[in-house]
Amino acid sequence: MLFPTLAFGVFFLFVYFTSWSLDRENGRRKLFLLLASWFFYAQWDWRFVGLLILSAVLNWGVAAAIARSDDGGRRKWLVGLGVAFNLLVLGFFKYYGFFIEQAGELLSQFGWGRDLPLLQVILPVGISFFTFQGISYVVDVHRRKTPVARSLLDVMLLMSFFPHLVAGPIVRASDLLPQFDRTPRLTREMATHGLLLIVWGLFKKTVIASELSVRLVDPVFFDPSAYGSLDMIAAVYGYAVQIYCDFSAYSDMAIGIAALLGYSFPRNFDQPYRAGSMQSFWRRWHISLSSWLRDYLYVPLGGGRKGLVSSSLNVFITMVLGGLWHGAAWTFLAWGALHGGVQVVERIGRAAFGDRRVIHPVLGVLITFHIVCLGWILFRAENFDMAMQVLIGLGRWWQPMVMVTPLLLTLIVGGLAMHWLPPRAIEGVAERLKTAPSVTLALLLGVAFLLVEAVRPDGVAPFIYFQF
Amino acid sequence: MTDDHDPHDETRPDPFPVPDPASPFPPLEEGRTVWAAPAGDADAAPVGEPVPSDPPSDWNAGADAHDLPTLEHRLSALHRFAFPPAPPLDDEGVAARDRRWTSRTIVLLTLFMLVFNAASLQNWSRQQAPGWLSSTVQQLSDVWSEQVAQLGADQPRTAVRDTYEAARDERFIGQDPAAS
């Protein structure tokens, strides 16, 4: 069940009205939201609801045991157990096939080829997100940064809450558990902001991302050797816009849906292509993942406490593992290594030149954007051969432009230009509209929804980040 | 019994009532006797010197013009009597009001979309797997779409879609035209 579908609209209306009719008893309301979330998840594959429940029960049990123990050694052992369990779940479903395949190839190279136990493991949708949430909960309880949840219901809802379940944002226990403790309030600010985020996300996903995907990016990346440089450049820029509009649309809609149910999620994107450096890019792109990697990987590795070499190594390892988180493929590792490597160069540059401005800010934005686009080629290509084909195609100047149309060019330019809107434009509009009568707001939103619905294609492709 | 008590001592009851020397009425212009108090004693006996003074008045400096009673329409009075104003809302009340406002917005938005975007409902119902429920929904959505189309409610959507598709078919100079 995808957000931009009528089926989800009907589901959400039912959840909205039922949950608010249960607001006098918070426990019953949470139980209803949990059941609704399981129903939502079961639309993909009902068997994995069991995995979700098992994961929540084990994380709850481990965190409760950590909270009850005062023995430092025992607490460490328990947190290690909790993290290992989550990584085991993630590793089996996401990386088993990849590592077995690599091991088989390696053994064959040494002449020790064996029939390794290959399994067709179905990847549960959103597994990377809910296992990361489980890890953050257990580690935060161990670090005493968040109190242990009052009930198993809270942990289950934390990990299963349908707005963030399948593609984030990764909402931490310290953000969500305190909200579960009290009956939520719905203010006009939250409602207006939530509705605007939903319609904005719908526009980005169903109009910009879908159009670019179907009419430009997918055909060009399917057969890169058939297109010239202008088409290729447009496809690479188009993919940069597509992935931003796709993923940020999901986050916007998730935040908006949660807001209408009375819960507040953290911001996940902040105009990433405005970044003047790779470090700045990661403070603006998928913020919940980058802050997760910082707190649970980079800092435990030593962070920046032990000098330039150590911090550079740590950031590189963090980014490579962040790349691997996106998918079990060498292209994702290379993508992570590219981002990590550029950040290492930036650190060395800062160590050498201090805070002096070495390059003009506009040039910094342009360089960063094009490095990010280079990374997107690795990210989008199915293998290195295809990525090389795209890079070679960028130099094929003699071939005519066949794919790019005025509309597609407008969408690409528009998708990039939206990064130069005022940083909190939606919040500003929501602030103005919150005092409007409900009829006025409904009419304005209705016109906006109608415009989007009129131009969107009939079907809708799954969000890119569902596969992660 | 002596009479040398302090006249300002209010704790001591006076044996006899003392006439108030101040007149409650404004003095007459002709042949009037002005009572003026010597300095330091307001209750002293009057002297013959005429002293101009403001006439006493019922002016109240603390009053506000908005406090004065105004003529209220009888229907307004009846309304106020029949529907007395509610006490100011507490937090729960504000939350409930905001929730009602949001729910009203969502309901109106849904109705708006049902009327002006009936084609989406029709398309969606046609994409569902065949079955009793989906065929019923499909028939209902077909009837509904025809009804709103007769009222012309599908025109805005159609116009926007046609414009967008025309824009989609636009090509740069030198490019092959879009396949029809």
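Chains as they are written, first to last, in my numbering: chain A, 1 to 468; chain F, 469 to 648.
For glycine and all other residues, C-beta sits at the position ideal for the given N, C-alpha and C.
For Asp610 of chain F, the enclosing alpha helix (DSSP H) starts and ends at 600–618. By the Cβ criterion, the region 609–625 of chain F is not in contact with the region 569–577 of chain F, since fewer than three pairs of Cβ atoms, one from each stretch, lie closer than 8 Å.
For the pair Val57 of chain A and Leu152 of chain A, the CB atoms are nearer than the 8 Å cut-off. Cβ-Cβ distances below 7 Å link Leu324 of chain A to Phe332, Leu333, Gly336 in the same chain, with the five nearest sequence neighbours on each side left out; the list follows chain order. Under the DSSP assignment, Glu638 of chain F falls outside any alpha helix (DSSP H); it carries neither an H nor an E label. Against chain F, a Cβ distance below 8 Å from Pro406 of chain A picks out Ala635, Glu638, Arg639, Phe640. In the three-state reduction of the DSSP assignment, His541 of chain F falls in the coil class. The beta-carbon of Ala597 of chain F is placed no less than 8 Å from the nearest beta-carbon of chain A. For Arg396 of chain A, the closest C-alpha among the options A:Leu34, A:Arg47, A:Ser225 is that of A:Ser225. In the three-state reduction of the DSSP assignment, His326 of chain A falls in the helix class. Ser588 of chain F is positioned such that its CB atom lies no closer than 8 Å to that of Ser602 of chain F.
The beta carbon of Phe551 of chain F sits no closer than 8 Å to any beta carbon of chain A. At a cut-off of 8 Å, the C-beta of Pro555 of chain F has no neighbouring C-beta in chain A. Under the DSSP assignment, His193 of chain A falls in the alpha helix (DSSP H) whose first and last residues are 188–202. Non-local C-beta neighbours of Leu186 of chain A in its own chain, meaning closer than 6 Å and more than five positions away in sequence, comprise Gly262, ordered along the chain. Against chain A, the beta carbon of Pro624 of chain F has neighbours under 8 Å at Leu450, Ala454, listed in chain order. Nearest CB-CB separation between Arg305 of chain A and chain F: not below the 8 Å threshold. Distances from the alpha-carbon of Ile122 of chain A to those of A:Gly91, A:Glu105, A:Leu107 put A:Gly91 closest.
Using a Cβ-Cβ cut-off of 8 Å, Ser603 of chain F does not count as an interface residue toward chain A, since no Cβ of chain A sits closer than that to its own. Scanning its chain for C-beta atoms nearer than 6 Å, with the 5 sequence neighbours on each side dropped, one finds around Pro163 of chain A the residues Ala254, Ile257, Ala258, in chain order.
Burial state of Leu421 of chain A is exposed, judged by a 10 Å Cβ sphere holding fewer than 16 other Cβ atoms. Assigned with DSSP and collapsed to three states, Trp112 of chain A falls in coil, not helix or strand.
Ser438 of chain A has a beta carbon lying within less than 8 Å of a beta carbon in chain F.
Pairing Ala454 of chain A with Tyr632 of chain F gives a Cβ-Cβ distance under 8 Å.
Residue state for Arg28 of chain A is assigned as helix, using DSSP reduced to three classes. Counting of Cβ neighbours within 10 angstroms places Ser21 of chain A among the exposed residues, the total staying below 16.
Residue-level contact check: Trp44 of chain A does not touch chain F, since none of the beta carbons of chain F fall below 8 Å from its beta carbon. Between Leu34 of chain A and Leu177 of chain A, the gap from beta carbon to beta carbon reaches 8 Å or more.
In this structure, Ser251 of chain A and Met159 of chain A do not form a Cβ contact; the two beta carbons are roughly 18 Å apart against a cut-off of 8 Å. In this structure Lys76 of chain A is exposed. Its beta-carbon is surrounded by fewer than 16 other beta-carbon atoms within 10 angstroms. In chain F, no part has a C-beta under 8 Å from the C-beta of Trp200 of chain A; the shortest such distance is about 15 Å. For Ile208 of chain A, the number of other beta carbons within 10 angstroms of its own is at least 16, and it is reported as buried. Rounded to the nearest whole angstrom, the CA to CA distance from Gly415 of chain A to Asn585 of chain F is 26 Å.
Take the alpha-carbon of Thr435 of chain A and the one of Gly97 of chain A: they are about 55 Å apart.
Counted as a single uninterrupted DSSP element, the alpha helix (DSSP H) harbouring Asp246 of chain A occupies residues 229–260. With a cutoff of 8 Å on beta-carbon distance, Ala64 of chain A and Val148 of chain A are scored as near each other.
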